[in-house]
Every structure is written in structure tokens, then in C-alpha cells.
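Visitor: This is the structure I have questions about; it appears just below.
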Amino acid sequence: MKEKLFYIKDKKLFYVKDGKGEPVPDGVYEGYLRRVTDSAKRNEWKNTGRGAMFTGAYAPGADSSSVASSVRSDVTCVGKLGDMLIFSEKIGDTCAIYRKTSVGDMSEVIALSDTSYSLETFDCAGEKIAVSASYANFSHIGLAEPSGRGGVRIITEGESIDKNPSFDKRDPDVLYYESAGILLTGEEEQRDDRAFLTPADMMRSMRTVTQTGPSAIVRIDFARSALDYILEDDSVSYIKPSTDTNGVLYFIKRPYVLEEKRGGGCLLSILLIPVKLIKAIGGFFNFFSMKYSGQTLTSNGSKAKGKDARTVFIDGNLIDAEKSLKENAGEQNPGVIPKSFELCRFVDGRVEKVKSGVIAYTFDADGNIVYSNGNAIIRLYSDGREERVVKDRSAEGVTMLRFIEIDD
176 MKEKLFYIKD
186 KKLFYVKDGK
196 GEPVPDGVYE
206 GYLRRVTDSA
216 KRNEWKNTGR
226 GAMFTGAYAP
236 GADSSSVASS
246 VRSDVTCVGK
256 LGDMLIFSEK
266 IGDTCAIYRK
276 TSVGDMSEVI
286 ALSDTSYSLE
296 TFDCAGEKIA
306 VSASYANFSH
316 IGLAEPSGRG
326 GVRIITEGES
336 IDKNPSFDKR
346 DPDVLYYESA
356 GILLTGEEEQ
366 RDDRAFLTPA
376 DMMRSMRTVT
386 QTGPSAIVRI
396 DFARSALDYI
406 LEDDSVSYIK
416 PSTDTNGVLY
426 FIKRPYVLEE
436 KRGGGCLLSI
446 LLIPVKLIKA
456 IGGFFNFFSM
466 KYSGQTLTSN
476 GSKAKGKDAR
486 TVFIDGNLID
496 AEKSLKENAG
506 EQNPGVIPKS
516 FELCRFVDGR
526 VEKVKSGVIA
536 YTFDADGNIV
546 YSNGNAIIRL
556 YSDGREERVV
566 KDRSAEGVTM
576 LRFIEIDD
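Residue numbers for the sequence shown follow the working numbering, so the first one is 176 and each next one is one higher.
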């Protein structure tokens, strides 16, 4: 079996074949789409057409084509378990880990799921699976058996977002992950669980905002039963930890900016509520459109822009693509990720920068770094040479990379 490079782009799974990105067939999504479409077709007569309007049962969007277009699938992680390709995929409100025997296998089955959690990023080492398990507004790291028996055992806690677990490739008893605390800001910092809230109470709760703090890198040593914060900084987020075959810790370092709370007087705040609501609604739909379609709704009154828009949404970050491309113009392979996103390694207690403008990375069989700059996938050799792995624009917006040996 030949090692293949898999990557996630726009929340879909691809692999590199003959220098180009090819989509991985998704039987999970196709099967789900077929079931909901068939169900909608069987019930169309009840909720669509003039008869439904006459009886009052008409429901906009209940026709099969509308139902089908509303179904979304988001692949969040890819890896290997034994001789199988596994990937986590979110469809609707659930996210489980599925397995494939080959790239073209369309009969995927669930490898791991839990009714209490949405299973997203993960890593495997022998008989261990570490997974980021999300629920409500939190996400914690859990462990599970490859057989899936017993579900997920949560091993971290607190009001935090813990994700991107990664076993030390030299020592499977060591696990790294990123952790960001949940910050509560605003005038009302105590949770109010009363059944009835007065208008004043509701206004206070509207001013309460939750925000994620900077991400730190945490290490769990199962042999020593120890948990240590390896890297943390109030002004920096350390994300996507991973080790090379020598056990050297790599990660992406990017700036963290906490939005400042601005005051302006009670009366002024009340008068500005309609304006703020309109701006917030417009901003929400524009943000939603950018996140899920890559297009802004408007741009100074002009038509919506496509993938070459001034801003792009990559891996949860809204990025000024034009500004980044100008900033990176001197690079051998300029990308759209800002220089402030730095691939680093942790050596002898020091942080060493390896490459700027990186959003995702992995290591090939020879230990070379393969990274994405948001515009291409590139192999970085130890002598500084660079080679494009994907020679077309299909690599734009890559958020995860991983080499896996699997049959076609």
C-alpha cells in the first residue's frame, strides 16, 4: 500500500492523486441525503401545493429539493485505525467517527459514537483513541477503545474548549491537546436560572457575552498520571500540537485578541439598540454566508464575491486574503494565511519558528514537513527547499493534513 496524503478542505475530505486533489467518496452523507430526500418526497403532498395551502398545512421548504439542499455534512478529522481509514463527520446535530476499508468504500459504518457527545477531532495510538467530545458550549478530551465498547470516557473537565488531541509518536503514553477557557464578560456575570425574567433581567442577560480565551498546549502523561501546561500566554494562542517521529513538539502559534468592552452610558445604549440589532443581524447572515458558502452577501452595494473575495473564512478565522497575499509576496509560495500564523517547535524549553503563514501541517514518511498556507499544499525539506504537493488550486482553504496508508 502506498502512503497517501489526505486533507480537509471546506469541511470535505480529499486526497492527493497524481498531483491533484480528489474528493473522497462519502457514503455516509449520500446515504443520509437519500433517506431524507425519499422521506420528503413521500410527504410532499401533505405540505406543498395548492391543496396544502387550502387546508392550512402548507410548509415552506418542505419539498424534497429544498430539504435536500438544507442537508449539510462537515468532515472534521481524518486518521487511521488499524488498516482502516477513519474520519469524523457531522450531519445535522450529530457527529460520529466512521471507518472505510479503502478510499472508494461507500459502505462506511460507525467506528465510534456516543449519544451524549459530538465526536470531532481525534488521534489514534495502538489500542487508544483520544477524541474531542463536544456538548453544549464545552468540549473535553475523552478516551475510547477501538472496538467502540463502553463509549467515551471523559478525562478533562472545566469550562473550556479542549480539542485537537495528539499522541506523542515516540511515546503513546503521552497526549497533547489544546485548551481554551470560556470567558464570561458583561454586566451580569452570574448565571440566572429563574423561570421568569423581567424585561430588565432580559436586557442584562443580553449584555452578557461568552468568549473563548487564548489556547494553551497541555500534556497528559498517563504513565505518571500527570497533567502539565506546556505553553500558555495571554496574548497568544497555541493550537494544533503534534510531534514528529523523534518526539519533538510542533504547533501553530497565532495572536490572540480579546475584544474590549466599550461603555457609553445607559441612555445611549438604549437608543442604539435598534441600530445594533440591525447591524448584528446583517453581520450574522454575512458571516454565516461566508462560513458556509465562501461568499459575502454584499460588498459596498455590489454583487456578492466568490472564492476570490477580499476576505476568506478558513478554520474558524476570517482572513483578509488580499492583505495576506501582499504580505507574503516575497515567499516562494505565497499564501493567504497571515505571517502571524507561525509553525513552531518546542526544543529545550524554547519556541523556535519554523515557517510563517501556516494553517495546517503534518509530516511525511521521511520526516519532512508538509503544510498548507491556505492557497497550496507544500513540502518543506530540512534544507529549506519547498515543493508543491498539489499543483492546482484545489488545495485552497485546507484546514487539516494527514498521511495514511490505505488502498484505493
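All residues carry an ideal CB built from backbone N, CA and C; glycine is no exception. Only a predicted model underlies this, so the values are computations on that prediction, with no experimental measurement involved.
Quick one: grab the DSSP three-state call for residue 202.
Guide: One-based indexing of the sequence shown puts residue 202 at position 27. DSSP places residue 202 in helix when its eight states are reduced to three.
Visitor: Quick check: the Cα distance between residue 248 and residue 241, rounded to an integer number of angstroms?
Guide: Taking the sequence shown and counting its residues from 1, one reaches residue 248 at position 73. Taking the sequence shown and counting its residues from 1, one reaches residue 241 at position 66. Spanning the two alpha carbons is a distance of roughly 16 angstroms.
Visitor: Run the CB neighbour count on residue 335, radius 10 Å, all protein chains shown included, and call it buried at 16 or more, exposed below.
Guide: If you number the sequence shown from 1, residue 335 lands on position 160. Flag for residue 335 reads buried.
Visitor: Give the DSSP-derived three-state secondary structure of residue 539 in the structure shown.
Guide: One-based indexing of the sequence shown puts residue 539 at position 364. Looking at residue 539 - three-state DSSP - the assignment turns out to be coil, as it is neither helix nor strand.
Visitor: In this structure, what does DSSP give as the bridge partners for residue 486?
Guide: Locating residue 486 in the sequence shown gives position 311, where the first residue counts as 1. In DSSP, residue 486 forms a bridge with 495.
Visitor: Could you round the C-beta distance between residue 536 and residue 545 to whole angstroms and report it? I think they count as a contact, below 8 angstroms.
Guide: Here residue 536 corresponds to residue number 361 of the sequence shown, with the count starting at 1. Here residue 545 corresponds to residue number 370 of the sequence shown, with the count starting at 1. So it is a contact: roughly 7 angstroms between Cβ atoms.
Visitor: Mapping DSSP to helix, strand and coil, what is residue 569?
Guide: Your numbering for residue 569 matches position 394 in the sequence shown. Helix at residue 569.
Visitor: Beta-carbon separation of residue 548 and residue 534 under 8 angstroms?
Guide: Position 373 of the sequence shown holds residue 548. Position 359 of the sequence shown holds residue 534. The answer is yes: Cβ separation under 8 angstroms.
Visitor: Would DSSP call residue 249 helix, strand or coil?
Guide: In the sequence shown, residue 249 corresponds to position 74, counting from 1. DSSP places residue 249 in strand when its eight states are reduced to three.
Visitor: Using only the alpha-carbon positions, how far apart do residue 279 and residue 408 sit?
Guide: The residue labelled residue 279 in the question sits at position 104 within the sequence shown. The residue labelled residue 408 in the question sits at position 233 within the sequence shown. Distance between the alpha carbons of residue 279 and residue 408 is about 44 angstroms.
Visitor: State yes or no: is the C-beta of residue 342 within less than 8 angstroms of the C-beta of residue 253?
Guide: If you number the sequence shown from 1, residue 342 lands on position 167. If you number the sequence shown from 1, residue 253 lands on position 78. It is not a contact, given that the beta carbons lie outside the stated cut-off.
Visitor: Is DSSP giving residue 478 helix, strand or coil here?
Guide: Stepping through the sequence shown from its first residue, residue 478 is reached at position 303. Bear in mind that a pLDDT of 42 at residue 478, under 50, signals an unreliable position, so the number given afterwards is only what the model happens to contain. Coil.
Visitor: To the nearest angstrom, how far is it from the Cα of residue 576 to the Cα of residue 550?
Guide: Taking the first residue of the sequence shown as position 1, residue 576 is located at position 401. Taking the first residue of the sequence shown as position 1, residue 550 is located at position 375. Cα to Cα, residue 576 sits roughly 14 angstroms from residue 550.
Visitor: Return yes when the Cβ of residue 424 is within less than 8 angstroms of the Cβ of residue 395, no when it is not.
Guide: Numbered from its first residue, the sequence shown carries residue 395 at position 220. Numbered from its first residue, the sequence shown carries residue 424 at position 249. Against a cut-off of 8 angstroms, the Cβ pair of residue 424 and residue 395 comes out as no contact.
Visitor: Less than 7 angstroms between C-beta atoms, sequence neighbours within five positions excluded: which residues of the same chain meet that for residue 413?
Guide: Position 238 of the sequence shown holds residue 413. For residue 413, where only same-chain residues beyond five positions count, the Cβ hits under 7 angstroms are 353, 390, 391, 392, 406, 426, 428.
Visitor: Go through its chain and collect everything with a Cβ distance to residue 298's Cβ below 7 angstroms, but skip five positions before and after it.
Guide: As a first step, residue 298 must be located in the sequence shown, where it is residue number 123. These residues qualify, in order along the chain: 254, 305, 340, 341, 342.
Visitor: By a C-beta neighbour count over all protein chains shown, 10 Å radius and 16 as the cutoff for buried, is residue 430 buried or exposed?
Guide: As a first step, residue 430 must be located in the sequence shown, where it is residue number 255. Classification of residue 430: exposed, given that the 10 Å Cβ count is below 16.
Visitor: According to DSSP, is residue 337 helix, strand or coil?
Guide: Numbered from its first residue, the sequence shown carries residue 337 at position 162. Strand.
Visitor: Look at the alpha carbon of residue 490 and the alpha carbon of residue 557, and state the distance between them as a whole number of angstroms.
Guide: Counted from its first residue, the sequence shown places residue 490 at position 315. Counted from its first residue, the sequence shown places residue 557 at position 382. Distance between the alpha carbons of residue 490 and residue 557: 27 angstroms.
Visitor: Residue 275: buried (16+ other C-beta within 10 angstroms of its C-beta) or exposed?
Guide: Stepping through the sequence shown from its first residue, residue 275 is reached at position 100. Counting Cβ neighbours within 10 Å, residue 275 comes out buried, since at least 16 surround it.
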